[in-house]
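K.L.:
Dumping the structure here so I can ask a few things about it.
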Amino acid sequence: MFNIPSQASYAMLAVLGLLVIASGILVALQWRRPNTDYTELRQRTLSWWWMIAIIFSVLILGQNIAIIFFGFLSFLALKEFLSIVPTRHCDRRVIFWAYLSIPLQYYWVSMGWYGMFIIFIPVYIFLLLPMRMVLLGEVKGFIHSAGILHWATMLTVFCISHIAYLLVLPVQNPAAGFIGPVLFLLFMTQFNDVCQYFWGKLLGKRKIIPKVSPNKTWEGFIGGLLTVTLCSALLAPLLTPLSIGEGMIAGALISASGFIGDVVISSVKRDLEIKDCGNLIPGHGGILDRMDSLIYTAPLFFHFLYYSHY
Amino acid sequence: MLINRIIKILFFALLVKPVVLILLGLNVRGRPNLPDKGPAILVANHNSHLDTLVLMSLYPLSQIHRIRPVAAADYFLQKGGFLAWLALTCIGIIPMDRSGSADRDSLFKGCHEALDNDQILILFPEGSRGQPEQMSKIKKGVFYVLKERPDTKVIPVMLHGLGRALPRNEALFVPFNCDVIIGEEIPMTEKSPAFVAAIAAAFEQLSEYCITQNQL
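Chains B and C are the protein sequences, given in the same order.
Following the working numbering, the numbering of the first sequence begins with 1322 at its first residue and continues without gaps.
Following the working numbering, the numbering of the second sequence begins with 2 at its first residue and continues without gaps.
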């Protein structure tokens, strides 16, 4: 009925397998140390089940449902971003227009209009928002608000919509189908977060940017980079049109840019003196806390794939 | 009044909860402090019509009929018609006469009846929606209600960000996440000024947990 290409379905099964193993380890941990409080870890794992169930479901239901879903994620992310950063009260009217960019941007995606998709936010919305702001007639704080609004729409609408555009690229690897590249991007980005954390815990000594993120170390970064590059070389030919060599480049790109996305959103939170951007996802924080790396990896992976194969 | 209860449940299930959860989005803190049964009073700061709906939506549909916002009779009921029907049937307000002509006993009669039935009141001690995200002077009403019913729990709730989503005198709704910070019970005091001060202090303390911002 749903006709999922074989390699995409194996990949999904593998992810579910990893999740079962992780949940099993958690249960075993709690059983061996009944007095330790694992509430947050349990919440995190349970949220992973939900997130993966939702994403796999929408991917299985087809391109259009998945595009609407990623549009909805953009909406949640934009709303969260504009809620935590300071804006002027009168900006709410401009913010209303910023929201309207989401259905249009994802409409261009659904019709596969690459030319419009790629310039709509950086050209048209970029020029439109200050114009709408002028009509408000309030010039105090104009530059600040214009900057915030542009950055917000670029991060949460433009960058995230690249995930959706992966779904409408002509399929070049029939065994992976349109789901393959998206799965690859999502999995590699999250796997990179896990690897950098793991290597950092295991070997971490030299801090990279102690002011922003005291737990990030060179050991974690390089360990993650090597692991993800290697795994990517193996997985890319299965899930994407990329070759083994190109898969290595894609892996290194995802690892490095994922790190940057993470620390960019961390810097935003540090500046605002908050710990999480929201509490939509129990154990994880807000939607931006979960999608921080993805905001950077999605457009960079997309354009690498697009440049090398389309 | 089964039919009214069904209307209220449908109103919240089909309209209020989807709007609050999807178009708004809540950062709820201190949910364990939320009283699950009455007699109790939630005192909250007031910036938007959404305040009441957000507070009520914290409760499951099966409990919605027991949550009773205290609202201005002159604003909601005077003109009658749709607004009055909405306020009385869909939301189930307890009307409050703000004209100053009623004596204290009849003024709080509705509140006492509701508390006698173990219901949970929502009360905005500022009396009216103020400027966005600014506290107005707190009134003493809660103190007088509590004096008659010392077993009532008073729980402070700080709302932040709703004055931006739908401010006073604006028709355009703009989606924003908002903070809902639920504090610990405020103990009764002997005199009203101390109680008002305790409420103000609770709001002040809870506002530190807000993560949404709108000041530039």
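Backbone N, C-alpha and C define an ideal beta-carbon position, used for all residues, glycine too.
Since we're looking at a predicted model, the values are computed, not measured.
Flag this pair as touching only if the region 1509 to 1521 of chain B and the region 1561 to 1576 of chain B have three or more C-beta atom pairs under 8 Å; answer yes or no.
P.N.:
yes
K.L.:
With DSSP run on the structure shown, which of helix, strand or coil describes Gly1315(B)?
P.N.:
Only positions 1322 to 1631 of chain B appear in the structure, and residue 1315(B) is not among them; the question remains open.
K.L.:
Report, in whole angstroms, the separation of the C-beta atoms of Thr1550(B) and Gly1501(B), which I expect to be a contact under 8 Å.
P.N.:
Incorrect: roughly 19 Å between the Cβ atoms, too far for contact.
K.L.:
Could you name each continuous beta strand (DSSP E) segment of 3 residues or more that falls completely within the region 2 to 41 of chain C, going from the start of the chain to the end?
P.N.:
The qualifying runs are 27 to 30.
K.L.:
So, at 6 Å on beta carbons, what are the nonlocal neighbours of Gly1392(B) in its own chain, with the 5 sequence-adjacent residues on each side left out?
P.N.:
Ile1423 and Tyr1427
K.L.:
Determine whether the Cβ of Val181(C) lies closer than 8 Å to any Cβ atom of chain B.
P.N.:
no
K.L.:
Using the Cβ count rule (16 or more neighbours within 10 Å means buried), how would you classify Ala1293(B)?
P.N.:
Any property of residue 1293(B) remains undetermined from this structure, which presents chain B solely from 1322 to 1631.
K.L.:
Figure out for me which residue from Pro1495(B), Ser1564(B), Val1585(B) and Gly1436(B) has the closest Cα to the Cα of Ile1530(B).
P.N.:
Val1585(B)
K.L.:
Is Ser1553(B) near Val1478(B), with beta carbons less than 8 Å apart?
P.N.:
no
K.L.:
Straight-line CA distance for Leu1450(B) to Val1503(B)?
P.N.:
31 Å
K.L.:
Please look up how many angstroms separate the CB atoms of Phe1390(B) and Met1333(B), rounded, as I've assumed it's under 8 Å.
P.N.:
About 16 Å; that fails the 8 Å criterion.
K.L.:
From which residue to which residue does the alpha helix (DSSP H) around Val1589(B) run?
P.N.:
Ile1565 to Leu1593
K.L.:
Apply the 10 Å Cβ neighbour rule to Phe125(C) and answer buried if 16 or more other Cβ atoms are within range, or exposed otherwise.
P.N.:
buried
K.L.:
Output, in chain order, the set of chain C residues within a Cβ distance shorter than 9 Å of Phe1463(B).
P.N.:
Within 9 Å Cβ-Cβ: nothing; Phe1463(B) doesn't reach chain C, min ~11 Å.
K.L.:
I want to know whether the region 1609 to 1628 of chain B touches the region 22 to 37 of chain C - three or more CB-CB distances under 8 Å.
P.N.:
no
K.L.:
For Gly1579(B), count neighbouring C-beta atoms within 10 Å of its own C-beta (all shown protein chains included) and say buried if the count is 16 or more, exposed if not.
P.N.:
Of the residues assessed, Gly1579(B) falls on the buried side of the cut-off, its CB having 16 or more other CB atoms within 10 angstroms.
K.L.:
Is there a Cβ of chain B sitting closer than 8 Å to that of Asn5(C), yes or no?
P.N.:
no
K.L.:
Give the interface partners of Leu173(C) over in chain B, defined as CB-CB distance under 8 Å, in chain order.
P.N.:
Taking the beta carbon of Leu173(C) as reference, the chain B residues within 8 Å of it are Arg1413, Arg1414 and Phe1417, listed in sequence order.
K.L.:
Below 8 Å on C-beta distance, what does Leu1593(B) contact in chain C?
P.N.:
Ile212 and Gln214
K.L.:
Which partner residues of Met136(C) appear in the DSSP bridge assignment?
P.N.:
Partner(s): none; Met136(C) has no beta bridge.
K.L.:
For chain B, find out if any of its Cβ atoms is closer than 8 Å to the Cβ of Gly184(C); answer yes or no.
P.N.:
Among the residues facing chain B, Gly184(C) is not included, as its CB has no counterpart in that chain under 8 Å away.
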